[in-house]
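*Asks:* Be aware that the sequence shown starts at 1062, since it is given in this note's numbering, and climbs by one per residue.
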Amino acid sequence: MLSHNLNSFFEKVLPYIDNSENLIEIVCAIIIIFAMIFVSKHKGACNCKNKSCDVKASLYGRLRKSREGFLSKINDIFSGNSDRESILNDLEELLISSDVGAETSMFLCNELKDEFKTINNENKQEVIGSLKNKIIDILGDDEEIKFSSDTKVIMVVGVNGVGKTTTIAKLADKWIKQGKKVLLVAGDTFRAAASEQLAFWAQKVGADIVKGKEGDKPSTVVFDAMKKVKEQAFDVVIIDTAGRLHNKSNLMQELSGIQNAVTKNINRDIDEVILVVDGTSGQNALMQAKEFNNVVTLTGLIITKLDGTPKGGILIAIKRELRTPVYYIGIGEGSEDLINFNAKDFASALLDATRPTEREGINSKKRKSFENVM
Ligand SMILES: Nc1nc2c(ncn2[C@@H]2O[C@H](COP(=O)(O)OP(=O)(O)OP(=O)(O)O)[C@@H](O)[C@H]2O)c(=O)[nH]1
Ligand SMILES: [Mg+2]
């Protein structure tokens, strides 16, 4: 069957390429197809000279939806209005619709009102620059998870499907690449497939794993894991937990059980309780963060899926209302798509019309190849 199809293919094509001009056309078409496949595979990558520029460029590319929605509308607001009050009113509405939150949007616009006696198309860039600085102030200093000689024990919590397990895999991958020994704990015993999902990642990134038997309590699995920690040295232990709604008190109690299992074994509190929220869920993400924080004291946040939303502004609202450190943000499904949160880079990715490559003076040849993949 296959040989028959190939024969008839060549019968039709060979007479056509018997002409050198056609042959060139076919070769060009093949090259273009391969180039398109290459570009689509490397979308979001760049030819930056250093890692930090690479991360900025990648963030800039992945926040495209949030930025484009915001910037093009800001331009409309300035060109459609000539007085300060109307511009500020429209800007406040735009900020709210980008999920920056009503209170934070009002705060930002009041600050601009105090600063600028006139606002119009002529000082647009100045006003946007000032808005960006005010957002950077709200986002605050960058904070990261600090390691010491003790094993760092981290519990990851959040509602269903926000990206907890994937984020744990990304963290493990990052830390293993830095030379750390990582133990993953399958504390999600609610879904049979959950342990398997974590085990798959553990194998992929090269982490150790402790899993329980079906029906085990999460605290039992964690207890076993902590025994292992006493026998073998690990730099980091990351506990995965089942997705749970913050208003289900029995499930929230389960988290205290996990914390107790850690404390009983290592005679100190768990080091970090990190809430993962899905950036695409808008104001819900803010509500979840508030509710979880009331039940288990959160030490940090990770906001995922910022690549898939036009409403990246939620991070600003969360940061202003909770003041909990945002350690990382998720900007894709790949194991490298978790980046340290940096206030300046984030604000730039939301508000700068120019790419980081242009700002950082990458030579024009390299810039061209980066622009091609955006
Ligand atoms: N686009 C995008 N997808 C992500 C990101 N992080 C996670 N995901 C995807 O989100 C989906 C759910 O991820 P999981 O890690 O299984 O979520 P979970 O919170 O562990 O889910 P439960 O255990 O069921 O509560 C998967 O398809 C992930 O690939 C991200 O930063 N960007
Ligand atoms: Mg999970």
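C-beta: ideal position from N, C-alpha, C; glycine also.
1. Cα separation between N1152 and D1175?
2. Say yes only if the C-beta of G1391 is nearer than 7 Å to one or more non-hydrogen atoms of ligand 2, and no if none qualify.
3. Straight-line CA distance for A1106 to V1246?
4. Is it the case that the Cβ atoms of G1340 and T1365 are separated by a distance below 8 Å?
5. Leaving out five residues before and five after T1415 in sequence, what residues of the same chain have Cβ atoms less than 7 Å from its Cβ?
6. Under the rule that 16 or more other beta-carbon atoms within 10 Å means buried, what is K1102, buried or exposed?
7. In chain order, which continuous runs of the beta strand (DSSP E) of length 3 or greater are located wholly inside the stretch 1268-1324?
8. Take L1376 and list the residues in its own chain whose beta-carbon comes closer than 6 Å to its own, dropping the five residues that flank it on each side.
9. Using the three-state DSSP reduction, which class does E1333 fall into: helix, strand or coil?
10. Name the two residues that bound the continuous alpha helix (DSSP H) containing V1357.
11. Identify, in the order they occur along the chain, each residue of the same chain with its Cβ nearer than 8 Å to the Cβ of I1197, setting aside the five sequence neighbours on each side.
12. Find out if the Cβ-Cβ distance for the pair K1231, D1115 is shorter than 8 Å.
13. Can you check whether the CB of N1354 is closer than 8 Å to the CB of L1383?
14. Evaluate V1088 with the Cβ neighbour count: other Cβ atoms within 10 Å of its Cβ, from every protein chain shown; 16 or more gives buried, anything less gives exposed.
15. Out of D1144, I1157, N1150 and M1287, point me to the one whose CA is closest to T1179's CA.
16. Listed by chain order, which residues have C-beta atoms less than 5 Å from any heavy atom of ligand 2?
17. K1278 and A1260: beta carbons closer than 8 Å?
18. Any heavy atom of ligand 1 inside 7 Å of the beta-carbon of V1061?
19. Between the alpha carbons of K1104 and D1211, how many angstroms are there, rounded?
20. Suppose you measure from the CA of L1312 to the CA of L1306; what does that come to, to the nearest Å?
21. Using a Cβ-Cβ cut-off of 7 Å (strictly less than) and excluding sequence neighbours within five positions of I1148, which residues of its own chain qualify?
22. Between the Cα of M1287 and the Cα atoms of I1270, L1173 and E1275, which residue gives the shortest distance?
23. With a threshold of 16 other CB atoms inside 10 Å of the CB of R1252, please say whether the residue is buried or exposed.
24. Any idea if A1163 is buried or exposed, counting beta-carbon neighbours within 10 angstroms, 16 or more meaning buried?
25. Measuring alpha carbon to alpha carbon, tell me which of I1300, Q1264 and K1265 ends up nearest T1281.
26. Between the alpha carbons of K1213 and L1169, how many angstroms are there, rounded?
27. How is V1220 classed by DSSP in three states: helix, strand or coil?
28. What would DSSP say about D1414, mapped onto helix, strand or coil?
29. Check whether the Cβ of A1247 lies closer than 7 Å to any heavy atom of ligand 1, and answer yes or no.
30. What first and last residue would you give for the beta strand (DSSP E) that runs through L1399?
31. Could you tell me whether any non-hydrogen atom of ligand 1 is closer than 7 Å to the CB of D1368?
32. Determine the burial state of Q1293: buried for a count of at least 16 other Cβ atoms within 10 Å of its Cβ, exposed for fewer.
33. Please confirm whether any heavy atom of ligand 1 lies closer than 7 Å to the CB of T1250.
34. Out of I1327, I1331 and A1378, which one is the CA nearest neighbour of Q1349?
35. In its own chain, which residues sit with a C-beta less than 6 Å from the C-beta of G1318, not counting the 5 before and 5 after it?
36. According to DSSP, is V1266 helix, strand or coil?
*Replies:* Straight from the coordinates:
1. It should be pointed out that residue 1152 corresponds to Leu in this sequence rather than to Asn. Their Cα atoms are separated by approximately 15 Å.
2. no
3. With a pLDDT of 44 at A1106, under the threshold of 50, the predicted position of this residue should be treated as unreliable, and no value is reported.
4. yes
5. none
6. Its pLDDT being 48, under 50, K1102 is placed unreliably in this model, and the coordinates cannot settle the point.
7. 1269-1271 and 1297-1302
8. I1364
9. strand
10. Note, V1357: premise wrong, no alpha helix (DSSP H); not H, not E.
11. A1404, K1405 and A1408
12. no
13. yes
14. exposed
15. D1144
16. K1225 and T1226
17. no
18. Residue 1061 is absent from the structure shown; the chain starts at 1062 and stops at 1435.
19. Only weak support is given to the placement of K1104: the predicted model assigns it a pLDDT of 47, under 50, and the question is left unresolved by the model.
20. 8 Å
21. I1138, F1139, N1142 and I1180
22. I1270
23. exposed
24. exposed
25. I1300
26. 38 Å
27. coil
28. Before going on, a small fix: residue 1414 reads as Ala here, not Asp. In the structure shown, A1414 sits in coil (DSSP, three-state: anything other than H, G, I, E or B).
29. no
30. L1399 to N1401
31. yes
32. exposed
33. no
34. A1378
35. S1280
36. helix
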